[in-house]
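J.:
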Amino acid sequence: MSVMLVLGSCGGAGTTTTSVGLANALSLQGNSVVAVDATVGGGDLVDRAADHAVTAATVESGYTDVDLSVTSTGAQVLGRAWPDADDPDFGRLDWYLSCTADAAVYDFGHRGFERDSASPLRSQPWAALVLVVPARPDAVRRSRTALHTIRLAAGAKALRRTTVVVSQCDPGPSVVGIDDVRRGLDSVFDVLEVPFDPHLASGSTVTAADLSPATARAYERILASNIRSAWGTMSA
55 MSVMLVLGSC GGAGTTTTSV GLANALSLQG NSVVAVDATV GGGDLVDRAA DHAVTAATVE
115 SGYTDVDLSV TSTGAQVLGR AWPDADDPDF GRLDWYLSCT ADAAVYDFGH RGFERDSASP
175 LRSQPWAALV LVVPARPDAV RRSRTALHTI RLAAGAKALR RTTVVVSQCD PGPSVVGIDD
235 VRRGLDSVFD VLEVPFDPHL ASGSTVTAAD LSPATARAYE RILASNIRSA WGTMSA
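For the sequence shown, position 226 (counting from the first letter as 1) is numbered 280 according to the numbering used here, and the numbering increases by one without interruption.
#1: Which runs of the beta strand (DSSP E), 3 residues or longer, sit entirely within the segment 81-134?
#2: So does residue 92 have its beta carbon nearer than 8 Å to some heavy atom of the ligand MG?
#3: Can you give the Cα-Cα distance for residue 178 and residue 197, rounded to whole angstroms?
#4: According to DSSP, is residue 233 helix, strand or coil?
#5: Quick one: grab the DSSP three-state call for residue 188.
#6: Pick out the complete beta strand (DSSP E) segments inside the segment 209-275, 3 residues or longer, and give them in chain order.
#7: According to DSSP, is residue 283 helix, strand or coil?
#8: Classify residue 240: buried if its beta carbon has 16 or more other beta carbons within 10 angstroms, exposed otherwise.
#9: Tell me the DSSP secondary structure of residue 65 in three-state form.
#10: By the DSSP assignment, the alpha helix (DSSP H) with residue 145 in it spans what residues?
#11: State the beta-bridge partners of residue 161 as determined by DSSP.
#12: Do residue 56 and residue 85 have their beta-carbon atoms positioned less than 9 Å apart in this structure?
#13: Report yes if the C-beta distance between residue 181 and residue 175 is below 9 Å; otherwise report no.
#14: How many Å lie between residue 289 and residue 215 at the Cα?
#15: Give the straight-line distance between the Cα atoms of residue 151 and residue 261, rounded to the nearest whole angstrom.
#16: If you compare alpha carbons, which of 244, 212, 194, 199 is closest to residue 228?
#17: Between residue 97 and residue 145, is the Cβ-Cβ spacing less than 9 Å?
#18: Is it buried or exposed for residue 68, if we count other Cβ within 10 angstroms and need 16 for buried?
#19: Leaving out five residues before and five after residue 217 in sequence, what residues of the same chain have Cβ atoms less than 8 Å from its Cβ?
#20: How close, in whole Å, do the beta carbons of residue 161 and residue 92 come, if the pair is a contact with beta carbons under 8 Å?
#21: Where do the ends of the alpha helix (DSSP H) carrying residue 176 lie?
#22: State the CB to CB distance for the pair residue 99 and residue 72, rounded to an integer number of angstroms; the pair is presumed to be in contact (CB under 8 Å).
Next up, the structure:
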């Protein structure tokens, strides 16, 4: 099973929309996919991802043999109970998903990756990491702290399976040069960009058909990068 762990360099980085975009891209390639809310306490993954059939199924309440919420492409979505949920056993969940799905995309948001519950996932050498960074100079600077956290939590080799995604959150010319970011983060596997997309910026449910072609291609490039990085780590 393909495993992707999506985390943010700061709050509001765009981990949820990136998780949804990757789950939809995987689903469009013919994979059975589950997107999982792995944020601290619980986030808005179901609200942003579920196109229809929103259910009360959560990581905590049980997910076996139930109809889950689904995205516009048919990827399943598993949310979190809010706000008083215990930290779930993501290791056990991942084992279950490995028996039922082709791919799992975990939305860790900001700081979720550091929690003890994430240890079984981040220790997997085949799990690709995606660090989402807003296209702002201050956020790019903070990305180095996020990479240091990845190194401390998962080891230096984890950086080799990390793709940094620079998310353009505002219209108009970018204030961050992607080549400059790439040169400053030479320890990671790759640095890619998701362009500004009015559909993502609207805050509504993400529908794959409403994304711009450039955004759809960006998610495909991120998937390809994740596959190469995970394969390279396993081959090393």
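The beta carbon of each residue, even a glycine, is placed where N, CA and C say it ideally should be.
T.: In short, the structure shows the following:
#1: Correct list: 87-91, 130-132.
#2: No copy of the ligand MG occurs in the structure displayed, which carries no ligand at all.
#3: Taking the straight line from one Cα to the other gives about 22 Å.
#4: Looking at residue 233 - three-state DSSP - the assignment turns out to be helix.
#5: Looking at residue 188 - three-state DSSP - the assignment turns out to be strand.
#6: Qualifying beta strand (DSSP E) stretches, in chain order: 216-221, 244-248.
#7: Helix, per DSSP.
#8: That one is exposed.
#9: DSSP, read as helix, strand or coil, puts residue 65 in coil.
#10: Residues 144-154.
#11: For residue 161, which the question treats as bridged, DSSP gives the partners 60, 91.
#12: Cβ distance < 9 Å, so residue 85 and residue 56 count as in contact.
#13: Between residue 181 and residue 175, the gap from beta carbon to beta carbon is short of 9 Å.
#14: Confidence in residue 289 is poor, its pLDDT being 49 and thus under 50, which makes the residue's placement unreliable; the coordinate value appears in the next sentence. One alpha carbon belongs to residue 289, the other to residue 215, and they sit about 12 Å apart.
#15: Approximately 24 Å, taken between the alpha carbons.
#16: Closest option to residue 228, Cα to Cα, is 194.
#17: No, the pair does not count as a contact, with Cβ atoms beyond the cut-off.
#18: Residue 68 should be labelled buried.
#19: The beta carbon of residue 217 sits closer than 8 Å to the beta carbons of 182, 183, 184, 185, 242, 243, 244, 245, 246, 276, 279, 280, 283 from its chain, once the five residues preceding and following it are set aside; these are given in chain order.
#20: The C-beta distance from residue 161 to residue 92 rounds to 6 Å, short enough to fall under 8 Å.
#21: Annotation for residue 176: the continuous alpha helix (DSSP H) segment containing it runs 173-176.
#22: Contact between residue 99 and residue 72 fails: their C-beta atoms lie close to 11 Å from each other, not under 8 Å.
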